[in-house]
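In order, the protein sequence lines correspond to chains Y and S.
Its first residue numbered 11, the first sequence is counted upward by one per residue in the numbering used here.
Its first residue numbered 11, the second sequence is counted upward by one per residue in the numbering used here.
2 protein chains.
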Amino acid sequence: MKVLVLGGDGFCGWPTSLHLSRRGHDVVIADNFARRAADAELGAESLTPIASLDTRLAAWHEMGGRRIGFCELNVAEDYDELAGLLLELQPDAVVHFAEQRAAPYSMKSAWHKRYTVSNNLNATNNVLAAIVDTGVDSHVVHLGTMGVYGYTAAGMTIPEGYVNVRIAADDGSDVEQEILYPTNPGSIYHMTKSQDQLLFAFYNKNDGVRVTDLHQGIVWGTQTVETELDERLINRFDYDGDYGTVLNRFLMQAAIGYPLTVHGTGGQTRAFIHIRDSVRCIDLAIEHPPVPGQRVRIFNQMTETHRVIELARLVGRLTGATVDLLENPRNEAAENELQVDNRQFLELGLEPTTLEEGLLREVTEIAERYGERCDRSKIPCRSRWTRDRQAAGRPIPAEEPAQPAPDAEPVPR
Amino acid sequence: MKVLVLGGDGFCGWPTSLHLSRRGHDVVIADNFARRAADAELGAESLTPIASLDTRLAAWHEMGGRRIGFCELNVAEDYDELAGLLLELQPDAVVHFAEQRAAPYSMKSAWHKRYTVSNNLNATNNVLAAIVDTGVDSHVVHLGTMGVYGYTAAGMTIPEGYVNVRIAADDGSDVEQEILYPTNPGSIYHMTKSQDQLLFAFYNKNDGVRVTDLHQGIVWGTQTVETELDERLINRFDYDGDYGTVLNRFLMQAAIGYPLTVHGTGGQTRAFIHIRDSVRCIDLAIEHPPVPGQRVRIFNQMTETHRVIELARLVGRLTGATVDLLENPRNEAAENELQVDNRQFLELGLEPTTLEEGLLREVTEIAERYGERCDRSKIPCRSRWTRDRQAAGRPIPAEEPAQPAPDAEPVPR
């Protein structure tokens, strides 16, 4: 199939593009290097030394991979270019990663909230409007998040997007309806993904746009079969307080002898998926598109749930790292249970890569190999979620980079 | 109280500003004249000859009204100015009308979809982010729409924003939860108001921002006690296919001898409110703010429901006008029932202005007085809701104005 990957230079986008290419799809990447620009803004960097996209694409071809095309564009702003690309490529699927994807980053300041809302919602709306406008019947595969559900489900398994509810009718009888699971996002970032759901539902209902929305858990690991082939293909490894995600941060902290940063009690239970499974899931979604007229299809893209403190203890046992309980910057429940339904991907043939020591060690080895590249000052999370906490005498530390103007020049790649 | 009215030059914003001023509030209007610019874009005009805002404000003061301040700014774009205005004014309430508010306009083209999404969501997010950012504890009063609910409620009264549902838990018992009424918007415009709800819920939960969201019915009428005082204070009267709303369009069509344009069977039941009640409701909401810590308060701002065909017949009986059944451009149910709960405003003392002949005649008289200003070519609705209909050989008529570039110069006021 022909696949357009929006945001194909990022942490999920890059290994997905390679995996789809190896699976025989014709892949074109569109990206504006916003993720690399955020690194420059934050003074942070991937722990692994990622090559420029030009180098990555050349290396992939050199290693025998199919040619992957590239178009530099801002999906949220360059509508005409996006529509032109759709008309030119007529892709079977558009994989939409072109959103700001870090919750702490989205809460850093008013500028970051505004950037996240404007970028994410305009990007999604542009993709959908362009599909209707051009008449190109691409299947949209969107990376959403488990976080849209919130983490307060009392005694029930989180279903795949839709839930049956009963409502009392005026005559005392029950009305039964299937509705989108009511969202309870915990950050501006998560909120935009909840708002994306309404965009998908509308364009699907009104225009029949075919959409698969993947509610992804926290991704861990860094390498896939494809990115391991050559060092120039290596994937990002984020460890900073904004873009680093919990398990990868623990593994990297252990590798460099930094105490594991647990926010709050660590009683939070979250859903996880290894990057290798993430790219497989996207391929499965593309190869099994919704039929015409089908409502928005929602898959929970996760393979297991874990309590954060238990992950920290596991990493501690494997590596001897100590655990540091820090004040939680997030406005969230200290503890929660979490059961998640992920039947649909299992039925499509996904064989989950679960947390096991071998893979944990592999990640730790990568972290050790590039440990000298770590800037320890970037490890703490400095976002303050609420105005109360911002006002409570915790000024933003001096090393915090100044916020860029909205029209700041992008970083050269 | 000090009240900042965002979008205070528009159809609801202007009479609201005058009413609040007469009620003794200190009012400042912020507006970017987007509504006047849309008139220029569409080649349409208010049937009533509206004065420039400067003239309006001077006339109000001349008639003995309190001074109303004005700041020209784009709420969706001029964040720093908006935050500065909040700091300077420290308003008790911010009334947020600064959104593109026409469903057909939002469906005209990809450009109009994109403008509506970007403008409406960035405006709402900017207001909320600025309140958190500045620490000014203003009560946000937002104009939402009954349309977020959709019109498919089967046998149940539409509640005021929240609904109790029961969900089956894993152990077979029932979990009861109060959730936001699941939305089912029928246009991009209505969808943005559904997305606004998620913004309000998030900022309320995370930062304690106090919000009243008014789910307004279709407004009819044009004049209020205040706008009637002088012709320079006259309110807008929209009759074109984009911004004109159903009952006002019928009354104006009757006045000029144009057949009443009923879309589809006219079996659609909708909620209505007279502009006089609309401005009173906003004053009631401001004078009874939510307490600190209160969740987002949602009121249904409507006073009665009517079936469209019955309204057409009523106007026909009063005026002798004929009824024209036209193909419905909207992708909506041909017929629906509608019961709506509006107890909260009644409890706050609202005395509904219901549809009666006297008021209908008053509107018709205004339409007759300015009938010579009518451009009959602007009456038909030319928006095509879906790509199927757009593709079905109905090209956009030649008189359709070219869509403006996003950075088109605003129309001088």
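From the three backbone atoms N, C-alpha and C, an ideal C-beta is built for every residue, glycine too.
These numbers come from a predicted model, not from an experiment.
Using 10 angstroms around the beta-carbon of residue i, count the other beta-carbons present and answer buried if the total reaches 16, otherwise exposed.
i: Leu-356 of chain S; result: exposed
i: Ala-86 of chain S; result: buried
i: Gly-23 of chain S; result: buried
i: Gly-17 of chain S; result: buried
i: Arg-404 of chain Y; result: Low local confidence applies: a pLDDT of 42 at Arg-404 of chain Y is under 50, so the model's placement there is unreliable, with the coordinate-based value given in what follows. Flag for Arg-404 of chain Y reads exposed.
i: Pro-299 of chain Y; result: buried
i: Glu-257 of chain Y; result: First, the residue type needs correcting, since residue 257 of chain Y is Leu and not Glu in the sequence shown. Counting Cβ neighbours within 10 Å, Leu-257 of chain Y comes out buried, since at least 16 surround it.
i: Ala-402 of chain Y; result: Unreliable placement is indicated for Ala-402 of chain Y, whose pLDDT of 49 sits below 50; no coordinate value is reported for it.
i: Arg-77 of chain S; result: exposed
i: Glu-409 of chain S; result: At Glu-409 of chain S, the pLDDT of 36 sits below 50, so the modelled position is not reliable and the matter cannot be decided from this model.
i: Pro-302 of chain S; result: exposed
i: Gln-100 of chain Y; result: exposed
i: Arg-327 of chain S; result: exposed
i: Asp-398 of chain Y; result: exposed
i: Asp-184 of chain Y; result: exposed
i: Ala-68 of chain Y; result: exposed
Could you check whether residue j and residue i sit closer than 8 Å to each other, using their CB atoms as the reference points?
i: Leu-190 of chain S; j: Phe-309 of chain S; result: no
i: Val-158 of chain Y; j: Thr-222 of chain Y; result: no
i: Asp-41 of chain Y; j: Asp-19 of chain Y; result: yes
i: Ala-54 of chain Y; j: Asp-385 of chain Y; result: yes
i: Glu-314 of chain S; j: Thr-364 of chain S; result: yes
i: Val-38 of chain Y; j: Leu-30 of chain Y; result: no
i: Ser-27 of chain Y; j: Leu-96 of chain Y; result: no
i: Val-127 of chain Y; j: Ala-211 of chain Y; result: no
i: Ala-344 of chain S; j: Gly-267 of chain S; result: no
i: Glu-236 of chain S; j: Arg-32 of chain S; result: yes
i: Asp-180 of chain S; j: Thr-167 of chain Y; result: yes
i: Gly-160 of chain S; j: Asn-194 of chain S; result: yes
i: Gly-277 of chain S; j: Ile-319 of chain S; result: yes
i: Gln-349 of chain S; j: Gln-226 of chain S; result: no
i: Val-325 of chain S; j: Ile-285 of chain S; result: no
i: Gln-354 of chain Y; j: Arg-220 of chain Y; result: no
i: Cys-291 of chain S; j: Leu-360 of chain S; result: yes
i: Ala-377 of chain S; j: Thr-329 of chain S; result: no
i: Val-142 of chain S; j: Asp-90 of chain S; result: no
i: Arg-246 of chain S; j: Phe-21 of chain S; result: yes
i: Gly-154 of chain S; j: Asp-206 of chain S; result: yes
i: Pro-25 of chain Y; j: Thr-234 of chain Y; result: yes
i: Pro-59 of chain Y; j: Arg-383 of chain Y; result: yes
i: Glu-186 of chain Y; j: Asp-351 of chain Y; result: no
How many whole angstroms separate the CB atoms of residue i and residue j, which I take to be in contact at a CB cut-off of 8 Å?
i: Tyr-249 of chain S; j: Leu-57 of chain S; result: 5 Å
i: Val-373 of chain S; j: Thr-144 of chain S; result: Actually they do not touch by this definition, with Cβ atoms about 41 Å apart.
i: Thr-396 of chain Y; j: Asn-341 of chain Y; result: 5 Å
i: Leu-208 of chain S; j: Ser-116 of chain Y; result: Incorrect: roughly 14 Å between the Cβ atoms, too far for contact.
i: Ile-296 of chain Y; j: Ala-103 of chain Y; result: 5 Å
i: Pro-339 of chain S; j: Arg-394 of chain S; result: 6 Å
i: Val-105 of chain Y; j: Val-13 of chain Y; result: 6 Å
i: Glu-188 of chain S; j: Tyr-172 of chain S; result: 5 Å
i: Val-289 of chain Y; j: Ile-177 of chain S; result: With 8 Å as the limit, Val-289 of chain Y and Ile-177 of chain S do not qualify as a contact, their Cβ atoms being about 33 Å apart.
Contact list for the segment 149-173 of chain Y against chain S, Cβ threshold 8 Å:
Ala-164, Gly-165, Met-166, Thr-167, Val-173
I'd like to know if the segment 108-115 of chain S and the segment 195-203 of chain S are in contact, where contact means that at least 3 CB-CB pairs between them fall below 8 Å.
yes
Touch test, the segment 72-88 of chain S against the segment 278-287 of chain S, Cβ-Cβ under 8 Å, three pairs minimum
no
Check each residue of the segment 259-286 of chain S: if its Cβ is closer than 7 Å to any Cβ of chain Y, include it; give the result in chain order.
none
Below 7 Å between beta carbons is the criterion; list the residues of the segment 215-233 of chain Y that meet it against any residue of chain S, in chain order.
Asn-216, Asp-217
Contact residues within the segment 123-147 of chain S, judged by C-beta distance below 8 Å to chain Y
Lys-123, Arg-124, Val-127, Ser-128, Leu-131, Asn-132, Asn-135, Asn-136, Ala-139, Ala-140, Val-142, Asp-143, Gly-145
Contact the segment 117-124 of chain Y vs the segment 131-142 of chain S: 3+ CB pairs below 8 Å:
yes
contact_flag[the segment 377-394 of chain S, the segment 245-260 of chain S] where n(CB pairs < 8 Å) is 3 or more:
yes
Return the residues of the segment 380-397 of chain S that lie within a Cβ-Cβ distance of less than 9 Å from chain Y, sorted by chain order.
Trp-395, Thr-396, Arg-397
Contact list for the segment 328-346 of chain S against chain Y, Cβ threshold 9 Å:
Asn-341
According to a CB-to-CB cut-off of less than 9 Å, which residues of the segment 173-198 of chain Y neighbour chain S?
Val-173, Asn-174, Val-175, Arg-176, Ile-177, Ala-178, Ala-179, Asp-180, Asp-181, Ser-183, Asp-184, Val-185, Gln-187, Ile-189, Leu-190, Pro-192, Thr-193, Asn-194, Pro-195, Gly-196, Ser-197, Ile-198
Residues in the segment 52-68 of chain S having any Cβ partner in chain Y nearer than 9 Å
none
Name, going along the chain, the residues of the segment 71-102 of chain S whose beta-carbon falls closer than 7 Å to a beta-carbon of chain Y.
Tyr-89
So if I threshold CB-CB distances at 9 Å, which residues from the segment 293-312 of chain S count as touching chain Y?
none
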